[in-house]
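A.B. asks: Following the numbering used here, the numbering of the sequence shown begins with 6 at its first residue and continues without gaps.
Sharing a structure below in structure tokens format, with a few things to ask.
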Amino acid sequence: MPTINPDRLLRDLRELATFGAYKTGVHRPSLSAEDVAARHWFAERLSEAGLDARIDGIGNVIGYSRAQGPKMLIGSHIESQNYAGWLDGPLGIVYGLETARAFREDPAAAGLGVDVAAWFDEEGHFGSFLGSRSFVGLLSEEDIDRARNRYDNTPLREALERAGFAGRPRETVRPERYCGYFEAHIEQGDTLDSTGLKIGVVTAIVAIWQYRIIVEGEQNHAGTTSMARRRDAGLALVRLLSAIDRRFPELAGPRSVWTTGRITLDPGAPSIIPGRAEALFQFRDADTAVLERLHAELFRLVEEANTTGRCTLSVEVMSQSIPALMDEAFQQAIEAAAARHCPGRAMRMPSGAGHDAQYLARRMPAAMLFVPSIGGISHHWTENTSDEDIVLGCQVFCDAVAHALRARPPA
Ligand SMILES: [Zn+2]
Numbered sequence: 006m007p008t009i010n011p012d013r014l015l016r017d018l019r020e021l022a023t024f025g026a027y028k029t030g031v032h033r034p035s036l037s038a039e040d041v042a043a044r045h046w047f048a049e050r051l052s053e054a055g056l057d058a059r060i061d062g063i064g065n066v067i068g069y070s071r072a073q074g075p076k077m078l079i080g081s082h083i084e085s086q087n088y089a090g091w092l093d094g095p096l097g098i099v100y101g102l103e104t105a106r107a108f109r110e111d112p113a114a115a116g117l118g119v120d121v122a123a124w125f126d127e128e129g130h131f132g133s134f135l136g137s138r139s140f141v142g143l144l145s146e147e148d149i150d151r152a153r154n155r156y157d158n159t160p161l162r163e164a165l166e167r168a169g170f171a172g173r174p175r176e177t178v179r180p181e182r183y184c185g186y187f188e189a190h191i192e193q194g195d196t197l198d199s200t201g202l203k204i205g206v207v208t209a210i211v212a213i214w215q216y217r218i219i220v221e222g223e224q225n226h227a228g229t230t231s232m233a234r235r236r237d238a239g240l241a242l243v244r245l246l247s248a249i250d251r252r253f254p255e256l257a258g259p260r261s262v263w264t265t266g267r268i269t270l271d272p273g274a275p276s277i278i279p280g281r282a283e284a285l286f287q288f289r290d291a292d293t294a295v296l297e298r299l300h301a302e303l304f305r306l307v308e309e310a311n312t313t314g315r316c317t318l319s320v321e322v323m324s325q326s327i328p329a330l331m332d333e334a335f336q337q338a339i340e341a342a343a344a345r346h347c348p349g350r351a352m353r354m355p356s357g358a359g360h361d362a363q364y365l366a367r368r369m370p371a372a373m374l375f376v377p378s379i380g381g382i383s384h385h386w387t388e389n390t391s392d393e394d395i396v397l398g399c400q401v402f403c404d405a406v407a408h409a410l411r412a413r414p415p416a
């Protein structure tokens with residue numbers, strides 16, 4: 006069984022965290038100077054590991070194995086959220102790098118290959134999963150033309166030009182090359198940490214269904230309009246959201262979550278009854294049947310509010326993604342590897358957050374492994390995982406990839 010080198014793994018993770026270091030975390034937005042430097046650093050590490058490394062026209066860093074036999078694709082992302090943690094993304098790509106090195110050093114793994122990728126902009130500074138979508142053929146040139154940095158409005162084309170990546174070809178998947186895709190990530194929740202478990206075996210990546218709820222009332226004077234005749238759009242919206250929160254638990258799955266991310270009242274002044282109100286609302290689940298139940302109930306509650314209240318409510322679908330199911334045989338490979346290295350310390354769980362694996366899963370069997378996040382904290386500079394858990398997770402990951410590769414020839 007290929008064996009990872011714990012010191013080398015931790016050294017590389019710590020060195021990567023010096024690019025854009027911020028307190029104990031990092032600030033490394035996509036295509037910032039620190040991010041570009043980190044991509045070059047990672048490409049060099051992949052080359053040293055014997056892979057053919059390149060950075061493509063959208064900033065994906067990919068190292069291709071020269072092994073003759075079946076190959077597994079391993080990836081995650083290298084950029085960070087703003088002023089956030091050091092492991093969200095880097096953990097997965099450095100696990101890939103270390104797995105490639107462990108395979109190369111183990112004569113028994115000769116012929117088994119891993120390609121390692123650091124996908125561009127999983128964190129969404131310019132768009133949504135641009136690198137992995139580009140790789141699987143779901144990103145057009147027009148999409149790139151339109152993409153702009155959400156904080157400073159810089160066009161993606163301009164940022165790619167400045168980084169020196171413009172004009173390079175974009176790498177695209179050759180599915181016949183691969184047995185599948187593996188991605189490791191910190192859990193970002195507290196399920197593993199609070200139960201003392203070490204390995205999360207991801208069953209599915211949840212779908213996110215997003216809506217805009219609009220309420221039309223009547224803008225009027227807050228002092229002279231009686232309660233009996235006013236049409237308060239704000240109040241109608243809050244009542245609807247409250248009804249959703251009462252009703253959804255009866256229809257939801259055990260891990261369904263729903264969120265009102267923004268409420269706006271128009272005109273939004275202390276002495277004016279809002280004439281219009283709007284909410285951005287979303288729910289997430291890995292089960293399409295649950296998503297459809299919640300969707301139908303949302304529309305029913307809006308209908309009910311229209312027949313019983315004095316305002317006019319409507320709801321628009323903004324986006325409905327599809328849950329990405331992880332490959333069953335790969336899940337078993339991770340469980341078996343965990344049983345060898347930390348018996349009784351693994352559990353299956355869905356991922357409530359989106360990951361690049363959801364796009365790779367559209368083109369090949371995919372799997373994800375989670376390691377504990379201390380206190381369940383992520384998207385914050387205090388995000389952390391113990392060295393012991395980082396090392397254990399990498400050995401389980403490497404072992405699972407080796408078994409999965411041996412068990413299944415490429416498509
Ligand atoms: Zn991430």
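Using N, Cα and C, we set each Cβ at its ideal position, and we do this for glycine too.
(1) Please write down, chain order preserved, every residue whose beta carbon lies under 6 Å from a heavy atom of ligand 1.
(2) In three-state DSSP terms, what is Val178?
(3) Can you give me the C-alpha to C-alpha distance between Gly74 and Arg252, rounded to a whole angstrom?
(4) Might you give, ordered along the chain, the residues of its own chain that have their beta carbon closer than 6 Å to the beta carbon of Leu246, omitting 5 neighbours on each side?
(5) For Ser391, collect the residues of the same chain with a Cβ closer than 6 Å to its Cβ; drop the 5 residues on either side in sequence, then sort them by chain order.
(6) Candidates Glu128, His346, Ile83, Arg298: which alpha carbon is nearest Ala43's?
(7) Is the beta carbon of Leu306 less than 8 Å from the beta carbon of Ile268?
(8) Is Ala343 near Ile204, with beta carbons less than 8 Å apart?
(9) Whole angstroms are fine: how far does the CA of His45 sit from the CA of Val295?
(10) Reducing DSSP to helix, strand and coil, say where Leu242 ends up.
(11) From the DSSP output, read off the bridge partner residues of His226.
(12) Pull up the DSSP beta-bridge partners for Gln73, would you.
(13) Can you look up His384 in the DSSP assignment and give me helix, strand or coil?
(14) Fully enclosed by the stretch 105 to 145, which alpha helix (DSSP H) runs are 4 residues long or longer?
(15) Glu221 lies in the beta strand (DSSP E); which residues open and close that run?
(16) Distance cutoff 8 Å, beta carbons only. Does Leu256 sit that close to anything in chain E?
(17) Assuming Gln193 is part of the beta strand (DSSP E), what are its boundary residues?
(18) Tyr100 bridges to which residues according to DSSP?
(19) Check whether the stretch 91 to 110 and the stretch 156 to 173 are in contact - that is, three or more C-beta pairs closer than 8 Å.
(20) Suppose the cutoff is 7 Å on Cβ atoms and the five residues either side in sequence are ignored; what does the same chain contact list for Ala72 look like?
(21) Report yes if the C-beta distance between Thr208 and Pro348 is below 8 Å; otherwise report no.
(22) Would you please state the rounded distance, in angstroms, between the beta carbons of Glu388 and Ala89? I believe it to be under 8 Å.
(23) The beta strand (DSSP E) spanning Trp46 covers which residue range?
(24) Put Cys399 into one of helix, strand or coil per three-state DSSP.
(25) Apart from the five residues on each side of it in sequence, which residues of its chain come closer than 8 Å, Cβ to Cβ, to Arg153?
(26) Taking C-alpha atoms, which residue in Pro34, Asp120, Ile63 lies nearest to Gln86?
(27) Could you tell me which residues DSSP pairs with Phe286 in its beta bridges?
(28) Would you tell me roughly how many angstroms separate the C-alpha atoms of Pro7 and Phe402, rounded to the nearest one?
(29) Looking only at its chain, what residues have a beta carbon closer than 8 Å to the beta carbon of His360, apart from the 5 residues adjacent to it on each side?
(30) Using the C-alpha atoms, what's the distance from Glu283 back to Asn311?
(31) For a test of the three-state rule: what should DSSP assign to Gln337, helix, strand or coil?
(32) For the stretch 13 to 32 against the stretch 136 to 155, are there 3 or more C-beta pairs whose distance is under 8 Å?
(33) With H, G and I counted as helix, E and B as strand and the rest as coil, what does DSSP make of Ala291?
(34) Nearest-angstrom Cα distance between Val262 and Val320?
(35) Leaving aside the five residues before and after Leu165 along the sequence, list all residues of the same chain whose C-beta is less than 6 Å from its C-beta, in chain order.
C.D. replies: So, to answer that:
(1) His82, Asp93, Gly94, Glu127, His190
(2) coil
(3) Taking the straight line joining both Cα atoms gives about 53 Å.
(4) Cβ neighbours of Leu246 within its own chain (closer than 6 Å, five residues either side excluded): Thr265.
(5) none
(6) Ile83
(7) no
(8) yes
(9) 43 Å
(10) helix
(11) Ile277
(12) For Gln73, which the question treats as bridged, DSSP gives no partner whatsoever.
(13) It is coil, neither helix nor strand.
(14) 135 to 140
(15) Per DSSP, Glu221 belongs to the beta strand (DSSP E) from 212 to 221.
(16) Chain labels in this structure do not include chain E; a single protein chain is all it has.
(17) Premise fails: Gln193 is in no beta strand (DSSP E) and is neither H nor E.
(18) For Tyr100, which the question treats as bridged, DSSP gives no partner whatsoever.
(19) Counting C-beta pairs with one atom in each stretch, the stretch 91 to 110 and the stretch 156 to 173 have fewer than three that are closer than 8 Å, which means they do not touch.
(20) Gly116, Leu117, Gly118
(21) no
(22) 7 Å
(23) Premise fails: Trp46 lies in the alpha helix (DSSP H), 38 to 53, not in any beta strand (DSSP E).
(24) helix
(25) Phe131, Thr159, Pro160, Leu161
(26) Pro34
(27) Paired residues: Tyr216, Thr265.
(28) 11 Å
(29) Ser81, Glu127, Glu188, His190, Ile210, Met373
(30) 15 Å
(31) helix
(32) no
(33) coil
(34) 19 Å
(35) Ala171
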